[in-house]
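Per full-length UniProt numbering, the sequence shown starts with residue 1, numbered consecutively.
The C-beta atom is built at its ideal place from N, Cα and C for all residues, glycine as well.
Working notes for the structure below.
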Amino acid sequence: MSSTDPSPEFLCKPNVAAIFNTAQQQARKKLMRGTSLEEVMDTLVLSLEKAYPSIFSSVLLLNKDTLSHLSAPSLPEAYSKAIDGTRIGPSAGSCGTAAFTGERVIVKSIATDPKWANFQVALEHGLMACWSQPILSSTDERVLGTFAIYYKTEKTPSEEEILLLELAANLAGTAIEWGMVLKDRHDLEEELKESNAALQALNSDLENRIQAHTQELEDQNYLTKTITDNATGALFMMDATGYCTFMNPAAVEMVGYTFEEIRTKQLHYLIHHHRPDGSHYPLEECPLDRALPQNFDVRAHEDLFFRKDGTSFPVSCAASPIFDENGVPVSTVIEVRDITEEKKNRQELMETVAQMQTLLAAMPQIAFTATVEGELDYVNGHWREYTGLPKAAVLGEQWIGALHPEDKDRFAATWANSVQTGQDYKIEIRVRQWTGEYRWYLTRAVPLRNENGEILKWFGTATDIHEQKLLIDRLAATQQELQSMNDELTQKNKDLKRTNVDLDNFVYTASHDLKSPIANLQGLVKALQEELHDLGTQTEPVEPLLLMIDKAIVRFKNTIDELTEISKIQKQVETGQEMVNLEDLIEEFRVVNAELICSSKATITTQVAAAPAICFSNKNLRSVLYNLLSNSIKYRHPNREPVINVSTDTFGNNGIVITIEDNGLGIEERHLSQIFGMFKRVHQHVEGSGVGLYIVKRIVENAGGEITVESKVEEGTRFEIRLHNVALCEITR
Ligand code: ADP
């Protein structure tokens with residue numbers, strides 16, 4: 001078959017127009033339903049290819065000077081990809097050339113046609129012929145793309161095939177244009193939607209802002225209303241002509257007018273028309289009405305206001321002018337407080353203060369009153385008499401000048417603290433007299449308070465304590481001196497105790513060390529006597545000497561024994577204590593000293609029923625009684641038989657007194673204080689060491705007791721031993 005012969009397909013399909021019509025309608029429907037242009041074009045191409053099975057079609061879109069793939073459902077994908085983006089030109093394959101020239105291009109043989117020289121890839125896919133029809137815009141003949149028909153054989157189109165190509169290109173053009181129109185419409189719709197959404201957002205934002213602003217205004221209004229409605233003070237607003245434009249509930253209650261009533265006349269002539277003295281009060285002279293035109297604030301202005309019923313009441317008011325944004329005076333805010341109660345309290349306070357001041361004037365001390373802030377506002381005459389200062393120099397804070405420079409700061413701090421805390425004030429300060437001399441004063445002040453506990457006034461006195469103060473200072477100095485003397489004495493006492501201990505140690509050591517040489521000496525004298533006797537020599541001349549030596553040795557020994565006894569006592573302070581029966585001890589003395597008692601014809605009587613036994617060191621008590629009893633016999637009177645009485649008694653809490661009384665020689669008054677001293681002797685006619693009473697005293701005092709003596713020469717002597725807490729002491733054996 002010749003390539004120019006009309007294709008048998010076309011001959012068999014006489015109703016080409018009907019096919020295209022159907023395809024066109026389908027395409028339109030699909031596009032209208034929103035199907036994409038690619039899909040619509042694929043359907044179109046496929047329905048064409050279905051009608052004409054030997055053709056392969058493609059639709060390319062022109063974008064500036066390149067062609068891009070739109071639809072070629074039956075062509076190999078690789079081929080479609082290879083030609084996608086082909087630049088148009090005078091020799092750019094069938095489609096590139098058709099798009100470039102705007103004319104149909106018929107290529108019978110792709111293999112030989114020079115326009116396909118650069119697109120031999122078609123041959124690889126078996127494509128041999130390609131006819132391309134430019135798709136033109138229906139409005140301005142602009143090239144929109146190309147519609148191509150491929151054959152797998154070299155082929156020239158028949159007339160019907162040209163017609164088919166044109167119809168197909170037309171149909172594709174219509175679809176593309178519809179697609180474009182629909183896309184534009186879709187884009188527009190999207191844009192519209194977006195701007196609608198933006199508009200809506202803007203709208204709701206605006207609405208929110210308006211709502212917030214309205215709420216804010218409402219809140220503000222509510223707040224203002226709440227404040228003014230609940231304010232305890234009355235609030236009025238007055239315009240520039242003096243008419244009331246607002247009043248809060250407190251104001252209504254205060255003056256008895258309703259807002260409607262108060263607007264009928266200028267405010268001044270309704271509630272402020274007369275002065276306190278009853279005279280007419282012209283509006284032009286009222287500071288509350290002057291505040292706005294003359295632009296000044298009125299503060300704490302006290303005046304008289306009138307109620308609707310004609311009654312009046314004292315008030316304290318404040319007025320502030322208000323201007324608009326251009327500085328034009330528009331209204332005055334007036335705040336009013338009824339001070340009836342306050343004035344009454346003030347009056348009462350004044351009366352109380354006056355009464356107190358009358359009282360203070362009669363006081364013998366300096367008396368003063370001070371304000372809540374702590375400033376002196378009254379002093380009685382004594383202050384002026386004392387300081388010589390004129391009244392003007394006394395009130396306020398000037399009087400501080402009369403204080404001693406060293407006391408000023410202390411005073412100021414204490415006073416400031418009392419004024420701040422309300423605590424009673426008390427301080428000692430020096431105040432200058434008119435002579436220039438400073439005297440000490442005790443200043444006290446107490447606050448006067450109202451029923452709410454608020455301080456209204458301070459009342460105070462200043463008392464001259466100069467003499468007491470000096471006395472106290474002197475006492476303090478004396479006390480100081482005494483203290484240091486005491487410290488000194490304590491120190492001396494300590495030293496003495498140490499010396500005492502040293503002495504005791506010395507005595508103990510000395511007596512102990514002397515014992516053996518004395519024993520030696522005694523032994524030697526005895527040996528000498530025996531030697532002399534053995535020699536048969538005349539010993540009479542030396543006999544008295546030997547006797548004297550012997551006696552001296554015995555005395556020396558005795559003295560050493562006594563000394564040993566003394567040092568032992570010091571070490572026996574803590575000797576174990578036990579219950580000692582006095583009768584038993586005295587009986588023991590009688591037995592031991594039977595010879596002496598017998599020879600002296602002494603009688604020892606006892607009256608110890610009050611305290612028959614005492615808790616004491618048995619050894620020490622024996623030493624005490626033995627010493628005292630033997631002394632009573634030793635120092636007996638030569639003209640009478642000795643009678644010694646031992647008695648006991650109790651005192652206080654567990655105290656016991658032991659008394660030993662004799663009818664002996666007695667001791668002269670002047671010697672009484674010495675007899676307890678070591679080696680002190682009053683009578684020399686009998687042998688003795690002078691340490692017995694010293695030992696007794698040491699024992700008694702070591703036990704915390706005391707020993708005293710009373711004596712009358714020629715009559716007798718009485719020793720009294722007082723022991724404390726002896727009945728209760730624990731018994732240790
Ligand atoms: P001594 O008896 O060894 O001399 P004391 O210390 O016992 O030493 O007594 C001191 C002195 O007190 C005695 O020497 C004596 O003069 C006097 N004396 C003590 N007791 C009596 C007494 N009962 N009557 C009179 N004189 C006394």
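Integer-rounded CB distance, given that residue j should sit under 8 Å from residue i
i, j, result
"residue 271", "residue 255", "5 Å"
"residue 107", "residue 113", "4 Å"
"residue 461", "residue 365", "5 Å"
"residue 415", "residue 428", "Residue 415 to residue 428, Cβ: 13 Å. No contact."
"residue 334", "residue 288", "6 Å"
"residue 632", "residue 607", "Actually they are not in contact, since the Cβ atoms of residue 632 and residue 607 sit about 16 Å apart, beyond 8 Å."
C-beta contact flag for residue i and residue j at 8 Å
i, j, result
"residue 357", "residue 387", "no"
"residue 146", "residue 67", "yes"
"residue 514", "residue 553", "no"
"residue 679", "residue 696", "no"
"residue 235", "residue 241", "no"
"residue 721", "residue 700", "yes"
"residue 637", "residue 665", "yes"
"residue 458", "residue 370", "yes"
"residue 40", "residue 179", "yes"
"residue 19", "residue 149", "no"
"residue 359", "residue 368", "no"
"residue 62", "residue 99", "yes"
"residue 694", "residue 716", "no"
"residue 402", "residue 431", "yes"
"residue 746", "residue 95", "Only positions 1 to 733 of the chain appear in the structure, and residue 746 is not among them; the question remains open."
"residue 630", "residue 564", "no"
"residue 73", "residue 37", "no"
"residue 71", "residue 58", "yes"
"residue 133", "residue 165", "yes"
"residue 668", "residue 709", "no"
"residue 660", "residue 719", "yes"
"residue 583", "residue 618", "no"
"residue 292", "residue 245", "no"
"residue 315", "residue 339", "yes"
For residue i, three-class secondary structure by DSSP
i, result
"residue 190", "helix"
"residue 423", "coil"
"residue 417", "helix"
"residue 183", "helix"
"residue 96", "helix"
"residue 517", "helix"
"residue 510", "helix"
"residue 322", "strand"
"residue 589", "helix"
"residue 308", "coil"
"residue 43", "helix"
"residue 67", "strand"
"residue 701", "helix"
"residue 84", "coil"
"residue 649", "strand"
"residue 663", "coil"
"residue 33", "coil"
"residue 722", "strand"
"residue 552", "helix"
"residue 654", "coil"
"residue 730", "Residue confidence for residue 730 is low, a pLDDT of 47 falling below 50, so the modelled location carries little weight; the figure read from the coordinates is stated next. Three-state DSSP puts residue 730 in coil, outside helix and strand."
"residue 18", "helix"
"residue 815", "The question about residue 815 has no answer, for the chain in this structure spans 1 to 733."
"residue 684", "coil"
"residue 691", "coil"
"residue 1", "Only weak support is given to the placement of residue 1: the predicted model assigns it a pLDDT of 32, under 50, and the value that follows is read from those uncertain coordinates. Residue 1: coil per DSSP, three-state reduction."
"residue 523", "helix"
"residue 607", "strand"
"residue 544", "helix"
*Go through the residues and name those whose CB comes closer than 7 Å to any heavy atom of the ligand ADP, in chain order.*
627, 631, 632, 634, 635, 662, 664, 665, 666, 667, 675, 680, 681, 682, 683, 688, 689, 690, 691, 692, 693, 694, 711 and 717
*Start-end ranges of the beta strand (DSSP E) lying completely within the segment 351-379, minimum 3 residues*: 366-370 and 376-379
_What ranges does the alpha helix (DSSP H) occupy inside the segment 119-177, keeping only unbroken runs of at least 4 residues that lie completely in it?_
121-124
_beta strand (DSSP E) runs contained entirely in the UniProt domain "PAS" (219-295), provided each spans 3 or more residues_ = 234-239 and 244-247
_What ranges does the alpha helix (DSSP H) occupy inside the segment 616-640, keeping only unbroken runs of at least 4 residues that lie completely in it?_
618-634
*Pick out the complete beta strand (DSSP E) segments inside the segment 435-467, 3 residues or longer, and give them in chain order.*
438-449 and 455-464
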